[in-house]
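First comes the structure, then the notes that go with it.
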Amino acid sequence: MHIKRVLLTSILCFLTFFSFSQSGENAAISGQLKDQSGTAIPGASIKLQHSNAYAVTDNEGFYIIRKLKPGKHALIISAVGFKGQQQAFELKPGEQLLLNITLEIAISEINTVSVIGRSTSQEVNRQAYNVTAIDAKKLYNSTLDLSHALDRVSGVRVRESGGLGSQMNFSLNGFTGKQVKFFLDGVPMDNFGSSFQLNNIPINLAERVEVYKGVVPIWLGSDALGGAINIVTSNSEHSYVDASYSFGSFNTHRSTLNAGYTSKSGFTLQLNAFQNYSDNNYWVRVNVADINSGAYYPRQRVRRFHDTYHNETMIINAGIVGKKYADKLLFGITLGQNNAEIQTGARMVSVFGDWHRKGNIVMPSVRYQVKDLFVKGLNFNLTGNYNLGQEQNIDTAYRRYNWFQQYKQYEGLGSERERSMYKYRNNNGLVTANLSYQLSEKHSFILNNVFNTFSRSGKDELYPNDEKYDQPKIVGKDILGLGYKFDYSEKWNTSVFVKNYSQQNKYSQSYNPSGSWGDVAYKTLKTKFSNVGYGLATTYFIKTNLQLKTSYEKSYRLPETEELFGDLLNLEGNIDLKPESSDNFNFGLSYQTHIQQVHRFSFDGNFLYRYAKDFIRPMLNANQTKQVNGNLADVTNLGVDGEIRYSFKQLFTTGVNMTYQNLRNNTKYEDGQKNVSPLYRDRIPNMPFLFGNADASLFFKNVLKKGNTLTLGYNLLYVHAYYLSWSSQGNDKLDIPRQFCQDVNVVYSLANGRYNVAVECKNLVDNRLYDNFTLQKPGRAFYAKLRYFISK
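Mapping to our numbering: the sequence shown position 404 is 404, numbers consecutive.
If you want it as C-alpha cells, here you go:
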C-alpha cells in the first residue's frame, strides 16, 4: 500500500504542477542530416550559434532542438569526415520548423573529432567507469535477443539451462546472477517478473546497451555488487515503424513491432511489442532406463518433448515532450504473459512430462523529466512502477517420466516433484528519483534514491486451508546515493560518490509448539541491514586517442526476494542469506589509431581485482534436484579482459576478445575451526574462468541496385573447460568440457535499410554445448528474419 500511495502522490504532484506552470509555446527546429548519396549521418553535432543549445543526430540522422526563442538564428553543423556547414534560419513564436540538411564528404578532415559530435555510444565509452556500449541497431537484422548479444562482450558470460525462454544466469567478470543489476532506461528491472526477462527481449527493443563492469555510476541507483546492464530504448522524437518476423528450427517464431509518433505540439505515443514461441524440441544425448523393464540404454539421442515456451509482451507509453514544465512526461503500461513447460530439474537425470508454469505482467508506470527546474542546471527525473502480475506453478500429474517419453502412472494424489497449483503475486513496486545540478562547467552534483517494496501473497486451490501460504514474505529496500563530478578539462575528470544501503525482511518460520507429531505453528521474524558504501572513478586522456581510466568501489548487495524465498521452480529459498560486500578495483586502457584512413585499429584492455565477503553463489540442494544459494566467507577475483578490433575501409571488420577471471575461495578457516580448510584457495567451481569471442563481417555496397547492401558475418564463441565441484575434493570430479560454437549469417538490406532479409545458422558444426550442471543447449539451427523500417 505504501508504494501505491507514493505513486498516487507523484501523479497528483504532476497534475498540480501543470495547473500552475506557464504553458507558453517555445519554438523548435528539427530535421534529418544526410550525405550527398542520401545516406543518414548519425552522431553529428548540431549547435545553435551563440548558445549552449545543441543536439546530436541519432542513428537515422534525425535531430531536434526545443525551447528556442523566436527570431533569427544559425546552426553550426559538424560531423567526422564531412565539411562543416552553417545554416541560417528564422523562427516565429511557437513555430516547429523542419530543416533537413545535406553535408559534403571531406576525407581530408576525417581526423577532426568534435567532442559533442561523437555518437552516444562513443560518449558512453569515454566515461571514467569501466563501461562498454553496444550499438544495438547494428544487430537489428539478427535473431539475437539481448542476452545473446551481451554474450559477445568481453567479461560477459550468459549461461542458460536450455533453449528459448529457459532459465538464464548472467555473469560479469566473475559476479553472477543477482550480483549484476539490470536497468531499462535507468530504471531497475527488479520487479518485471518472468514475462520480461533478458533472454526473451529482442535486440530490436534497445537502441544501445551499456555494460558497466564493477563500479556503477551513482545515477544507476541500486545495490549492484559487480556491475550493471542498462538497456537504453529509442529516445527519438520523430515518427517511425520498425517491424520484424523470424522463424526457424524447433518451430521457433519471433516477432517485434516498435513504433513511435510525435506531433508538432509535443504529444508522443510509443509502442514496443514482441512475441516468442518455440517447441524447443532439439536433440540431446542422455542415459535412459526403460520405465517398465529397467533396461539401461547409455548415450541415447532423443528429442526434448515437454519444453514449449511462448511469451507475448506489449509496452505502451503516451504523454508529452518538450514543454516548459516537462521535457518528458509519460504514462505507460506494460502487459505480458508467458507459459513454459518444464522438461528437467537442475540436472538432466530429472525429467518431467506435465509440470509447467505460467505468469503475466500488468505494470503501470510513470516517468517525469524536467531540465532547469527552478534554476538553470537543476534537472529532475522521477519514475515509478508497480507490477500487478501473477505467477503460477502447476504440478499435479502423479507420474514418473523417462527420456523415451514413457511414464508410469501412480494412484492417489501426487506430482512429478511437489504437488502444487500455487498462484501468487509478488506485489512489487519501485520508485526512483534523480536530482542533478550543474554548478559550473567543472562542478556538478547528483542525488539518487531507489525505493523497492515486495510482498508475496498467494493461494493454492489444492490446499486452501494451508497456513503456510498466509505467512509473510515481505522485503523493503532503499538505496540513497550522493555523487560529485569534477571536470577539470577535456583530458581529465573525476567522480566520487557515497551510498547508503538499507533493507528490512519480514518472514515466518515453522516450529512444533507441543512436541506432538503434526503440530505446526509459525512465528514471525524480522531482519534488518544498513551500511554505507563509497567509491570514485577517474579518467585521463594522454592523447586524444589514448585513454586511461581507474575506479574503486566499496559496494554491498542485499539478498533478492527469489534468493530468500525461492522461485517455486528450480531455486530453493534460503532466508538465512547475509548481504554480501565487495571491494572492486578496475584499471582500463583504450587506444585507437589508423593508417592512411584505410586501416583502423582499436584496443581496449581492463584489469580487475575483487575482494568479496559473504559471497553468494548457487549450488545444488541436499537431494540435487534444485539449486540453492549460500554464503562463502571470502572470495577473491583477479582478472583481465580485452578486445582488439580492425577494419578496412567500409568493406571488412573483425575483432577478438578474451576474458580470464581467477575466482578463489579465500576462506581459510571454516566455522571457527583451527585447521586450514581443504578448499582454501581453490578455484570457485561451476564458474567459467577463460572464454572469448571472435567475429568478422564483409560488406558489399550497392549489390544489384544502388542503396542495397549485402553483409556476410561470422561469430565464434569459446569457453574453456571448468569443474562442477571443488578441485580439492576427490579425483573423479565432473566437468563441463571445452566448447566451441560457430554462427554464420547473411543479411541483404534494400533501399538503404528499409527492407531487410537475414538468414542465420547457429552452432554451425553441431557441437554439444553445456552451461549449467551439464544441461544441454540446442544443436545446429537455422533461422530467417524479415524486417521493415521506415521513419519520418
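Even for Gly, the Cβ is constructed at its ideal location relative to N, Cα and C.
Quick caveat: nothing in here was measured; it's all calculated off a predicted structure.
When burial is assigned at 16 or more other CB atoms within 10 Å of the CB, is residue 300 buried or exposed?
In the sequence shown, counting from the first residue as 1, residue 300 sits at position 300. Exposed, since its Cβ has fewer than 16 Cβ neighbours within 10 Å.
Measure the alpha-carbon distance for residue 514 versus residue 575 and round it to whole angstroms.
In the sequence shown, counting from the first residue as 1, residue 514 sits at position 514. In the sequence shown, counting from the first residue as 1, residue 575 sits at position 575. Going by the C-alpha atoms only, they are around 25 Å apart.
Where in the region 361-387 do unbroken runs of the beta strand (DSSP E), each at least 3 residues long, occur, reported from the N-terminal end onward?
378-387
What do you reckon, are the CB atoms on residue 689 and residue 662 nearer than 8 Å?
Working through the sequence shown from its first residue, we reach residue 689 at position 689. Working through the sequence shown from its first residue, we reach residue 662 at position 662. Contact: yes.
Please name the residue in 72, 228, 189 and 142 whose C-alpha comes closest to that of residue 203.
Within the sequence shown, residue 203 is the residue found at index 203, counting from 1. The shortest Cα separation from residue 203 among 72, 228, 189 and 142 belongs to 142.
Would you kindly work out how many angstroms separate the C-alpha atoms of residue 617 and residue 629, rounded to a whole number?
Here residue 617 is taken as the residue at index 617 of the sequence shown, counted from 1. Here residue 629 is taken as the residue at index 629 of the sequence shown, counted from 1. Distance between the alpha carbons of residue 617 and residue 629: 5 Å.
How many Å lie between residue 356 and residue 460 at the Cα?
Within the sequence shown, numbered from 1, the residue matching residue 356 stands at position 356. Within the sequence shown, numbered from 1, the residue matching residue 460 stands at position 460. Going from the Cα of residue 356 to the Cα of residue 460 covers about 15 Å.
Have a look at residue 50 and residue 64 and give me their C-alpha separation to the nearest angstrom.
On the sequence shown, position 50 is the one that residue 50 refers to. On the sequence shown, position 64 is the one that residue 64 refers to. Distance between the alpha carbons of residue 50 and residue 64: 17 Å.
Since I believe residue 585 is in contact with residue 218 (beta carbons under 8 Å), could you give me their beta-carbon distance rounded to a whole number of angstroms?
Position 218 of the sequence shown, counted from the first residue, corresponds to residue 218. Position 585 of the sequence shown, counted from the first residue, corresponds to residue 585. The pair is not a contact, with the Cβ atoms about 18 Å apart (cut-off 8 Å).
I need the boundaries of the alpha helix (DSSP H) containing residue 149, first residue and last residue.
Numbered from 1 along the sequence shown, position 149 holds the residue referred to as residue 149. Taken as a continuous stretch (DSSP letters only), the alpha helix (DSSP H) holding residue 149 covers 146-150.
If the criterion is Cβ atoms closer than 8 Å, does the pair residue 260 and residue 277 meet it?
Taking the sequence shown and counting its residues from 1, one reaches residue 260 at position 260. Taking the sequence shown and counting its residues from 1, one reaches residue 277 at position 277. It is not a contact, given that the beta carbons lie outside the stated cut-off.
Where residue 279 sits in the DSSP three-state scheme
One-based indexing of the sequence shown puts residue 279 at position 279. In this structure, residue 279 counts as coil in the three-state DSSP scheme.
Identify the continuous alpha helix (DSSP H) that holds residue 82 and give its terminal residues.
Position 82 of the sequence shown, counted from the start, is the residue given in the question as residue 82. Element bounds for residue 82: n/a, residue is neither H nor E.
In terms of alpha-carbon separation, which member of 126, 598 and 400 lies closest to residue 292?
Residue numbering aside, residue 292 sits at position 292 when the sequence shown is read from its first letter. Out of 126, 598 and 400, 400 has the C-alpha closest to the C-alpha of residue 292.
Beta-carbon proximity list for residue 354, same chain, < 7 Å, skipping 5 on both sides
Residue 354 sits at position 354 when you count from the first residue of the sequence shown. Cβ neighbours of residue 354 beyond the five flanking positions: 397, 399 and 416.
Curious, which full-length beta strand (DSSP E) runs of at least 3 residues does the region 550-621 contain?
580-595 and 599-620
Which first and last residues belong to the beta strand (DSSP E) in which residue 329 is found?
Walking along the sequence shown from the start, residue 329 turns up at place 329. 328-341 is the extent of the beta strand (DSSP E) around residue 329.
Starting from residue 220 and walking both ways along the beta strand (DSSP E), at which residues does that stretch end?
As a position in the sequence shown, residue 220 is number 220, starting the count at 1. Segment: none, residue 220 is in no beta strand (DSSP E) and carries neither H nor E.
Residue burial classification, residue 595 (beta-carbon count within 10 angstroms, cutoff 16):
As a first step, residue 595 is located in the sequence shown; it is residue number 595 there, counting from the start. So residue 595 counts as exposed.
To the nearest angstrom, how far is it from the Cα of residue 339 to the Cα of residue 572?
Start at 1 with the first residue of the sequence shown, and residue 339 comes out as number 339. Start at 1 with the first residue of the sequence shown, and residue 572 comes out as number 572. Spanning the two alpha carbons is a distance of roughly 21 Å.
Given 8 Å as the limit, is there contact between the region 239-258 and the region 274-290, that is, 3 or more CB pairs closer than that?
yes
To the nearest angstrom, report how far apart residue 655 and residue 726 are at their CA atoms.
Taking the first residue of the sequence shown as position 1, residue 655 is located at position 655. Taking the first residue of the sequence shown as position 1, residue 726 is located at position 726. The alpha-carbon atoms of residue 655 and residue 726 are separated by roughly 34 Å.
Compare the beta carbon distance of residue 613 and residue 634 with 8 Å and say whether it is the shorter of the two.
Reading the sequence shown from its first residue, position 613 is the one you call residue 613. Reading the sequence shown from its first residue, position 634 is the one you call residue 634. Yes, they are a contact pair.
With DSSP collapsed to three states, give me the class of residue 696.
Within the sequence shown, the letter at position 696 stands for residue 696. Reduced to three states, the DSSP call for residue 696 is strand.
Relative to the alpha-carbon of residue 95, which residue among 263, 123 and 582 has its alpha-carbon at the smallest distance?
By 1-based counting over the sequence shown, the position of residue 95 is 95. It is 263 whose Cα lies nearest to the Cα of residue 95.
Taking 8 Å as the cut-off, does the region 67-79 touch the region 34-50 (at least 3 CB pairs, one atom from each stretch)?
yes
Considering only DSSP beta bridges, list what residue 39 is partnered with.
Locating residue 39 in the sequence shown gives position 39, where the first residue counts as 1. The partner list for residue 39 (beta bridge, DSSP) is empty, contrary to what the question assumes.
Do residue 758 and residue 784 have their C-beta atoms within less than 8 Å of each other?
Counting from one through the sequence shown, the residue named residue 758 turns up at place 758. Counting from one through the sequence shown, the residue named residue 784 turns up at place 784. Contact flag set, yes.
Beta carbon of residue 627, beta carbon of residue 590: below 8 Å?
As a first step, residue 627 is located in the sequence shown; it is residue number 627 there, counting from the start. As a first step, residue 590 is located in the sequence shown; it is residue number 590 there, counting from the start. It is not a contact, given that the beta carbons lie outside the stated cut-off.
Tell me the DSSP bridge mates of residue 246?
By one-based count along the sequence shown, residue 246 stands at place 246. DSSP, once it has assigned bridges, lists 254 and 785 as partnering residue 246.
Where do the ends of the beta strand (DSSP E) carrying residue 538 lie?
Position 538 of the sequence shown, counting from 1, holds the residue named residue 538. Looking at the DSSP string, the run of the beta strand (DSSP E) that includes residue 538 is 521-543.
Helix or strand or just coil, what does DSSP make of residue 729?
Residue 729 sits at position 729 when you count from the first residue of the sequence shown. Residue 729 falls in the coil class under three-state DSSP.
Relative to the C-alpha of residue 366, which residue among 319, 238 and 132 is closest?
In the sequence shown, the residue the question calls residue 366 occupies position 366. The shortest Cα separation from residue 366 among 319, 238 and 132 belongs to 319.
Measure the C-alpha to C-alpha separation of residue 708 and residue 763 and round it to an integer number of angstroms.
Counting from one through the sequence shown, the residue named residue 708 turns up at place 708. Counting from one through the sequence shown, the residue named residue 763 turns up at place 763. Using only the alpha carbons, I get a separation of about 28 Å.
Could you tell me the boundaries of the beta strand (DSSP E) in which residue 628 lies?
Taking the first residue of the sequence shown as 1, we reach residue 628 at position 628. 627-648 is the span of the beta strand (DSSP E), which, as asked, contains residue 628.
Spell out a yes or no on whether the region 431-442 and the region 369-384 are touching, meaning 3 or more CB-CB pairs, one atom from each, closer than 8 Å.
yes
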